[in-house]
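Have a look at the structure below, then the notes.
In my numbering, the protein residues as written are 2 to 306.
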């Protein structure tokens with residue numbers, strides 16, 4: 002189910018694939034509670050996301066440097082994101098599927114591409130946006146986020162399978178003798194040693210496995226990469242965070258760092274749908290997902306997977 006793009010969203014709220022977090026009531030959204038999908042398993046959320054491959058605003062990243070974080074800027078981000086990517090350039094619909102290799106990598110492990118088939122509604126939609134003064138962005142990886150643009154996907158155009166962290170970064174090196182991956186283990190905290198300068202050093206990790214608490218000890222470094230929600234949770238469980246929150250939870254304070262777990266902003270996606278009132282465009286039938294509503298047609302498409 003993970004590998005097939007057509008199965009996207011079927012993993013959402015499925016406990017086998019999704020941690021299924023929920024937000025607190027959102028004051029500025031009519032007090033609604035929203036689901037917050039987070040991938041469970043190797044590859045994390047890259048295994049269940051919508052596969053969109055685009056980059057954030059150039060101005061947003063450059064602002065991080067201005068806030069006192071040297072090296073955290075657009076140029077650095079673009080450099081390393083290109084190293085991760087192997088973009089397959091399209092050979093069809095080049096008037097619609099525009100890109101700029103200045104912002105693309107072509108030798109990295111993660112394959113990205115455009116869809117092999119596009120809707121014949123793309124061109125008239127682009128024309129309508131132009132007429133209303135919305136500018137065209139040549140490449141969604143350019144750091145320019147205001148405008149309309151085609152977006153590539155973490156998709157292998159040969160196999161038509163999802164590309165994600167587990168099958169592009171882990172599987173090729175899984176046989177290494179100095180690499181061991183333990184699945185179904187849940188981190189309980191990071192072991193810390195206090196230093197004399199009010200800092201701490203990570204020396205190992207505590208984790209639950211098969212109902213038992215175990216530890217591993219680090220000879221060099223401990224890397225924390227548990228995602229947007231669970232990384233700060235692990236820090237707090239380890240005693241790093243706001244002393245008020247930690248003490249209320251019965252956790253000894255190891256490092257006073259009030260910013261942990263705060264000021265998070267999730268990017269929102271809002272889709273706009275329009276009813277198509279014409280059966281064809283430029284003599285071609287409008288291609289939609291409607292045929293999948295009919296069992297006989299759906300079976301034909303399933304056979305193509």
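Even glycine gets a Cβ: it sits at the ideal position worked out from N, Cα and C.
The structure displayed is predicted, hence computed values, not measured ones.
Query                                                                                                                          : Result
Selected residue, minimal CA-CA separation from residue 9, among 279, 164, 171, 260                                            : 164
N-terminal and C-terminal residue of the beta strand (DSSP E) that residue 194 is part of                                      : 187–195
Inter-stretch contact at 8 Å, needing at least 3 Cβ pairs: the region 18–38 / the region 132–139                               : no
Whole-Å CB distance - residue 286 paired with residue 293, under 8 Å assumed                                                   : So it is not a contact: roughly 15 Å between Cβ atoms.
Proximity to residue 102 [Cα-Cα], best of 288, 95, 93, 88                                                                      : 88
Residue 279 burial status per 10 Å Cβ neighbour count (16 or more: buried)                                                     : exposed
Beta-carbon separation (whole angstroms), residue 214 vs residue 189, contact threshold 8 Å                                    : 6 Å
For residue 107, the three-state DSSP class (helix, strand or coil)                                                            : strand
Beta-carbon spacing of residue 151, residue 191 below 9 Å                                                                      : no
Secondary structure of residue 255, DSSP reduced to three states                                                               : coil
CA nearest to the CA of residue 3, picked from 29, 51, 30, 35                                                                  : 51
Secondary structure, alpha helix (DSSP H): runs of 4+ residues fully inside the region 197–260                                 : 228–238, 244–249
Assumed close pair residue 111, residue 155 - CB separation to whole angstroms, cut-off 8 Å                                    : 6 Å
Segments assigned alpha helix (DSSP H), at least 4 residues, entirely inside the region 66–105                                 : 75–85
Distance between residue 60 and residue 174 (C-alpha atoms, nearest Å)                                                         : 36 Å
Neighbourhood of residue 143 by C-beta distance below 7 Å, restricted to the same chain and skipping five residues each side   : 101, 104
Buried versus exposed call for residue 1 [16 or more other C-beta atoms within 10 Å across all chains shown]                   : Outside the shown range of the chain, which is 2 to 306, sits residue 1, and nothing can be said about it.
Check whether residue 56 and residue 82 have beta carbons under 9 Å apart                                                      : yes
Cut-off 6 Å between Cβ atoms - residues of its own chain near residue 43, not counting five sequence neighbours on either side : 167
Through-space distance from residue 5 to residue 217, alpha-carbon basis                                                       : 36 Å
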